[in-house]
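Residue numbers (the working numbering): 59 to 777. Backbone N, C-alpha and C define an ideal beta-carbon position, used for all residues, glycine too. All values derive from a computational prediction rather than experimental measurement. Working notes, structure below.
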Amino acid sequence: MEKIYKHQETEGKWYSFWEKKGFFRAKIDPKKEPFMIIMPPPNANGELHIGHALFVTLEDILIRFNRMLGRPTLWLPGADHAGIQTQVVYERLLEKQGKTRYDLGRDKFYSEVYDFTMKNKATMENQLSRLGASCDWSREKFTLDSEISKAVYHTFKKLFNEGLAYRGERLVNWCPRCTTALSDAEVAHKEKEATLWFIKYPLAEEKGKFIIVTTTRPETMLGDTAVAVNPTDRRYKNLIGCKAIVPLINREIPIIEDSVVDKKFGTGAVKVTPAHDPTDFEISERHDLKRVQVIGFDNRITDEGGKYAGLKVNEARRQILEDLKKESLLEKEVPHLHSVGRCERCNDVIEPLVSLQWFVKMPPLAKPAIEVVKEGKIKFIPKRYEKIYFQWMENLRDWCVSRQIWWGHQLPIWYCGSKGLSDLQMKLNNLPETPGCGEIIVSTEEPKQCPKCHNAKLVRDPDTFDTWFSSGQWPFTTLSWPEKTQDFQYFYPTSVMETGYEILFLWVSRMIMLGLYCTDKIPFRTVYLHGIVRDAKGQKMSKSKGNVINPLTIADQYGADAIRIALVFNSTPGNDLNLGEDKIRGMRNFTNKIWNIARFVIDFKPDFYDHKISTEKLKLEDKKILSELKKTKEKVTKSLENYRFSDAAQILYQFIWHQFADIYVEKSKDRREETQVILEEVLKVSMELLHPFMPYVTEEVWQRLPHEGKSIMVTPWPK
RNA sequence: GGGUACGUAGCUCAGUUGGUUAGAGCGCUGCGUUCACAUCGCAGAGGUCACAGGUUCGAAUCCUGUCGUGCCCACCA
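What follows is the structure in structure tokens.
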């Protein structure tokens, strides 16, 4: 054997060996209890990053461990079309060529993005393989596969028929850059230093007197339809019911009372802009106020804004402040810290706007989803995330599932004639007006005509589903639901959902809700949440900081085994982990240590030695290493059963390096004929225990030792 | 404002229901290469477990408070 272990030569060899032998393919055995993980489908719009390497490692450890335990084991891989994110990525590529999606048109854009996605998907599959992912490629799925789409439509139809999906005009989070509505979960709030302006609104009845309101967004005053104060605020008691005048546009608006107003904030009087602020929208519902939309979907002031019409929001703000100053209506301005919502995908500032969208009612879906966790039917690791989950689930607003983008599942909704569409949809998609009765038809297949008026010219809703609406059904759509296939019957509910804590709300909660709703069963029994991989100093990895560790480059350099074990060594569930090249190098050294123990054991060929361990001949050191091996077996098994990957890895590291190599191997040197069989046994079992963590080097060594069976991968877990 | 987590060796972090001299990796110091491995070995230094109280026979671990840090959520006009 060579002096140095060459991962470049072994890794590819063993992966294709395993694949050819069909070891990744799950086989149903009704007599045995299955183990199954649905792989969180990576977004097919780029390459794998270190976060993917972490999930591959954790899931592959669980999969290989359970497979060796003899359970029929399925790890189902997939890829996500990742709606908005992919569309943003592709639009940025187009931008470099000076183009927009509108230059291509919907069909061409879709097919280009499709090709782009397929290319990325193929790259990622290759990268997953390189990391040793022992998933069942024969069952691979993509979120836009036709059966998956059908299942997604089926679910929506069910929701619609049962009154849980509805269309409504609501205040939604609007991303001007993506030109789409977003769900609450897709908006990231960040604190920002801003200004709080105090603006004088003249009183209509008393000349020369004012009520002073405070705002961080003076430009929205164009859409003010009231001034609100707290009912218990004595300062304004006799103004309630009076009128104020919105400066610059001279609109007369009522002064009203509403308990949502905080007396202590600013002057205690707030301007109410129902069309552009969630709180104000609610006030308008309580007081039946008009909603004047002054900011358009293009982020410019609408015609309602009088002389400011057509200005961009920022320009309008500057102009309005200037004009207010001229009229001496700007009382003062003070620095103010407040949070601004941004689009999670493109980072543009979110504009709350009223628009007609499709929603899914949350409370009826959330209730059972809370119960199954409370009852312990689904367990979270670590447990503290259960509390975070409850808090979120108990305060859910209805879920806006329609997106005004082109990349994704187009809504399975048809309207009889264009009047079913909103003005926004007509404009964004440049659609012609067509006659019809306006009937709404939700169907998994294109309907031939309107059931009401028999009009055959139906218009399909141009919007697409929120990506998370389809991925929220991933645990069962991948198993061919709603058909009750053998795979579905046998493997569902799945065993573990292993994913990052950052998508607890976006994804995990939706899977639980939709899983229960669609299948009447929990989608998985355990939720294991991992943290974010940071650099050696705990900084978030980013291209601009130049501290990104590319898992594939690192795997080339140090081996997939090294990066895998580095990712679990000394890290804990639910917490972020720091990873530097030093740590990976250290694990490469561990790989080489294993290799050299193997050289010592395997390259020695005594003329004769007994191939069975005979208890009478055992010396103290032999007994010691064998009993340590036994303890190691027990501890590693227990740790893996309890998802304590780091413990298991450290136990093995300590045992192999410090007890086996440093002590026993040294002591064995004087009496090789007697110890050879023990060396072989200890090494073989060590490899088997380590295999889930470091699949390649363990296979390479195992194959060179006396063994039964074809591969370490399918050998029984040491007892 | 609410929630949650963290503060342990120079650095990065483990430490599962409280129990003997508190651990690992990297780094550091000294010595050592024919004889598996310098991607190595041997020996070693280094911590009042943020701080202050409390519970206990016993606390890094449980409780209360203080200081500091991170993250999440929220209708912070």
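- Is the stretch 476 to 486 in contact with the stretch 424 to 438, if contact means three or more CB pairs nearer than 8 Å? no
- Looking at the structure shown, is residue 395 part of a helix, part of a strand, or coil, going by DSSP? To locate residue 395, count along the first sequence from 1; it is residue 337. In the structure shown, residue 395 falls within a strand segment according to DSSP collapsed to helix, strand and coil.
- Query: Can you tell me the Cα-Cα spacing of residue 377 and residue 506, whole angstroms?
  - Reply: Here the question's residue 377 lines up with position 319 in the first sequence. Here the question's residue 506 lines up with position 448 in the first sequence. The straight-line gap from Cα to Cα measures roughly 53 Å.
- Message: For residue 251, list the residues DSSP reports as bridge partners.
- Response: Residue mapping note: residue 251 aligns to position 193 of the first sequence, counting from 1. Answer is 395.
- Can you list, in chain order, the stretches of the beta strand (DSSP E) that have 3 or more residues and sit fully within the stretch 89 to 114? 93 to 96
- Find the nearest neighbour of residue 573 within the set 543, 536, 605, 588, judged by alpha-carbon distance. Along the first sequence, one-based indexing puts residue 573 at 515. Per the Cα distances, 536.
- Considering only residues of the same chain and omitting the five flanking positions on each side of residue 704, which have a CB-CB separation below 8 Å? Within the first sequence, residue 704 is the residue found at index 646, counting from 1. Closer than 8 Å at the Cβ level, and outside the excluded window around residue 704, lie 626, 627, 628, 629, 630.
- Figure out for me which residue from 140, 384, 304 has the closest Cα to the Cα of residue 463. Here residue 463 corresponds to residue number 405 of the first sequence, with the count starting at 1. If you compare the alpha carbons of 140, 384, 304 with that of residue 463, the shortest gap goes to 140.
- Got a sec, what are the start and stop residues for the alpha helix (DSSP H) residue 773 sits in? Taking the first residue of the first sequence as 1, we reach residue 773 at position 715. First-last for residue 773: undefined, no H or E at that position.
- Message: Please report the straight-line C-alpha distance between residue 125 and residue 220, rounded to a whole angstrom.
- Response: Here residue 125 refers to the residue found at position 67 of the first sequence. Here residue 220 refers to the residue found at position 162 of the first sequence. Residue 125 and residue 220: Cα-Cα distance of roughly 41 Å.
- Message: Just verifying my parser: in three-state terms, what is the DSSP assignment at residue 751?
- Response: What you label residue 751 is simply residue 693 of the first sequence in a count that begins at 1. Residue 751 sits in coil when the DSSP states are folded into three classes, being neither helix nor strand.
- Task: Give the straight-line distance between the Cα atoms of residue 331 and residue 148, rounded to the nearest whole angstrom.
- Result: Taking the first sequence and counting its residues from 1, one reaches residue 331 at position 273. Taking the first sequence and counting its residues from 1, one reaches residue 148 at position 90. Distance between the alpha carbons of residue 331 and residue 148: 36 Å.
- Query: Taking three-plus beta-carbon pairs below 8 Å as touching, is the stretch 224 to 233 in contact with the stretch 400 to 415?
  - Reply: The stretch 224 to 233 is in contact with the stretch 400 to 415.
- Sheet register partners of residue 557 (DSSP bridge): By 1-based counting over the first sequence, the position of residue 557 is 499. Per DSSP, 587.
- Assuming residue 108 contacts residue 426 (C-beta within less than 8 Å), just tell me the rounded distance between them. Taking the first residue of the first sequence as 1, we reach residue 108 at position 50. Taking the first residue of the first sequence as 1, we reach residue 426 at position 368. Not quite, the Cβ-Cβ distance comes to about 36 Å (not below 8 Å), so this is no contact.
- Message: Contact between the stretch 302 to 313 and the stretch 282 to 290 is defined here as three or more beta-carbon pairs at a separation below 8 Å; is this criterion met?
- Response: yes
- Query: Could you give the C-beta distance for residue 523 and residue 459, rounded to a whole number, given that I count them as a contact under 8 Å?
  - Reply: On the first sequence, residue 523 is found 465 positions in, with the first residue counted as 1. On the first sequence, residue 459 is found 401 positions in, with the first residue counted as 1. The beta-carbon separation of residue 523 and residue 459, rounded to 6 Å, stays under the 8 Å limit for a contact.
- Task: Report the three-state DSSP secondary structure of residue 138 (helix, strand or coil).
- Result: Position 80 of the first sequence holds residue 138. Strand.
- Put residue 606 into one of helix, strand or coil per three-state DSSP. Working through the first sequence from its first residue, we reach residue 606 at position 548. Residue state, collapsed to three classes: coil.
- Give a yes or no on whether the C-beta atoms belonging to residue 210 and residue 717 are separated by under 9 Å. Mapped onto the first sequence, residue 210 falls at position 152. Mapped onto the first sequence, residue 717 falls at position 659. Against a cut-off of 9 Å, the Cβ pair of residue 717 and residue 210 comes out as no contact.
- Message: Closer than 8 Å is the cut-off here; do at least three beta carbon pairs connect the stretch 161 to 181 with the stretch 601 to 608?
- Response: no
- Thinking C-alpha only, which one of 563, 677, 649, 154 is nearest residue 446? In the first sequence, residue 446 corresponds to position 388, counting from 1. Nearest option by C-alpha distance: 563.
- Item | Residue range of the unbroken alpha helix (DSSP H) whose run includes residue 495 | As a working note, residue 495 is residue 437 in the first sequence. No alpha helix (DSSP H) contains residue 495, which DSSP labels as neither H nor E.
- Query: Taking buried to mean at least 16 other C-beta atoms within 10 Å of its own C-beta, is residue 158 buried or exposed?
  - Reply: Within the first sequence, the letter at position 100 stands for residue 158. Exposed.
- Message: Check whether the stretch 611 to 620 and the stretch 186 to 193 are in contact - that is, three or more C-beta pairs closer than 8 Å.
- Response: The stretch 611 to 620 is in contact with the stretch 186 to 193.
- To the nearest angstrom, report how far apart residue 551 and residue 214 are at their CA atoms. Here residue 551 refers to the residue found at position 493 of the first sequence. Here residue 214 refers to the residue found at position 156 of the first sequence. Spanning the two alpha carbons is a distance of roughly 21 Å.
- Query: Would you call residue 271 buried or exposed, if buried means 16 or more other Cβ atoms sit within 10 Å of its Cβ?
  - Reply: Start at 1 with the first residue of the first sequence, and residue 271 comes out as number 213. Classification of residue 271: buried, given that the 10 Å Cβ count is 16 or more.
- Drop a sphere of 10 angstroms on the beta-carbon of residue 489, count the other beta-carbons inside from all chains shown, and report buried for 16 or more, exposed for fewer. The residue you call residue 489 lines up with position 431 of the first sequence. Classification of residue 489: exposed, given that the 10 Å Cβ count is below 16.
- To the nearest angstrom, how far is it from the Cα of residue 380 to the Cα of residue 269? On the first sequence, position 322 is the one that residue 380 refers to. On the first sequence, position 211 is the one that residue 269 refers to. The alpha-carbon atoms of residue 380 and residue 269 are separated by roughly 20 Å.
- Task: Please check the pair residue 119 and residue 751, which I expect to be a contact at CB under 8 Å, by giving their CB distance rounded to whole angstroms.
- Result: In the first sequence, residue 119 corresponds to position 61, counting from 1. In the first sequence, residue 751 corresponds to position 693, counting from 1. Going by Cβ atoms, the distance from residue 119 to residue 751 rounds to 6 Å, so yes, they are a contact pair.
- With distances taken from CA atoms, which of 701, 654, 649, 733 is nearest residue 675? The residue given as residue 675 occupies position 617 in the first sequence. Of the listed residues, the one whose Cα sits closest to residue 675 is 733.
- residue 371 - partner residues in DSSP beta bridges: As a position in the first sequence, residue 371 is number 313, starting the count at 1. For residue 371, which the question treats as bridged, DSSP gives no partner whatsoever.
- Item | Classification of residue 86 by the beta-carbon crowding that lies within 10 angstroms, buried from 16 upward | Along the first sequence, one-based indexing puts residue 86 at 28. Exposed, by the Cβ-count rule.
- Item | Own chain residues within Cβ distance below 8 Å of residue 740, not counting five before or after | Position 682 of the first sequence, counted from the start, is the residue given in the question as residue 740. Contacts found: 683, 684, 687, 718, 722.
- Message: Ignoring anything shorter than 3 residues, give me the beta strand (DSSP E) runs that lie fully in the stretch 483 to 555, in order along the chain.
- Response: 498 to 500, 516 to 518
- Which listed residue (417, 669, 333) has its alpha carbon closest to that of residue 521: Position 463 of the first sequence holds residue 521. The residue among 417, 669, 333 with its C-alpha nearest the C-alpha of residue 521 is 417.
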